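**Student:** In my numbering, the protein residues as written are 148 to 255.
Got a structure for you, questions after.
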């Protein structure tokens, strides 16, 4: 599917994981907040039956977010959209590498 002009109308921020260090007990600890990158997106709230089709049985809001293809976007862990923080649950790209779809849930 070709990316059409004006199809991405919402401003979002992709949040990438910050650096981590190993603790004395062998675990990992975050050393700071991750990188935030602003981009334009199409944001759609998913209905309950769409979430069940994805194999997710959750009671929170689900969102389908589409952005222009950026290879780094596959590593995003959160999305900030307005006053909502969304946790990325899954990411898929299309065959032509024009668009990425991210499936998220409300993390608030």
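Ideal Cβ positions, reconstructed from N, Cα and C, are used throughout, including at glycine.
From a predicted model like this one, the values you see are computed outputs, not experimental measurements.
Give every residue of the same chain whose Cβ lies closer than 8 Å to the Cβ of residue 159, excluding the five residues on either side of it in the sequence, and list them in chain order.
**Tutor:** Closer than 8 Å at the Cβ level, and outside the excluded window around residue 159, lie 185, 186, 187, 188, 190, 212, 214, 226, 227 and 228.
**Student:** Given this structure, state the Cα-to-Cα distance separating residue 309 from residue 183, to the nearest angstrom.
**Tutor:** Since the first residue of the chain shown is 148 and the last is 255, residue 309 is not available in this structure.
**Student:** State the Cα-Cα distance for the pair residue 224 and residue 193, rounded to the nearest angstrom.
**Tutor:** Approximately 19 Å between the Cα atoms of the pair.
**Student:** What's the gap between the Cα of residue 230 and the Cα of residue 254?
**Tutor:** In a straight line, the C-alpha of residue 230 is about 11 Å away from that of residue 254.
**Student:** So, are the CB atoms of residue 221 and residue 235 less than 7 Å apart?
**Tutor:** No, the pair does not count as a contact, with Cβ atoms beyond the cut-off.
**Student:** State buried or exposed for residue 209, treating a residue as buried only when at least 16 other CB atoms are found within 10 Å of its CB.
**Tutor:** The residue in question, residue 209, is buried, as its Cβ has 16 or more Cβ neighbours within 10 Å.
**Student:** Among 243, 233, 173 and 155, which one has its Cα closest to the Cα of residue 163?
**Tutor:** Nearest option by C-alpha distance: 233.
**Student:** Looking only at C-alpha atoms, which of 181, 172, 154 and 174 sits nearest to residue 165?
**Tutor:** Residue 165 has its Cα closest to that of 181, out of 181, 172, 154 and 174.
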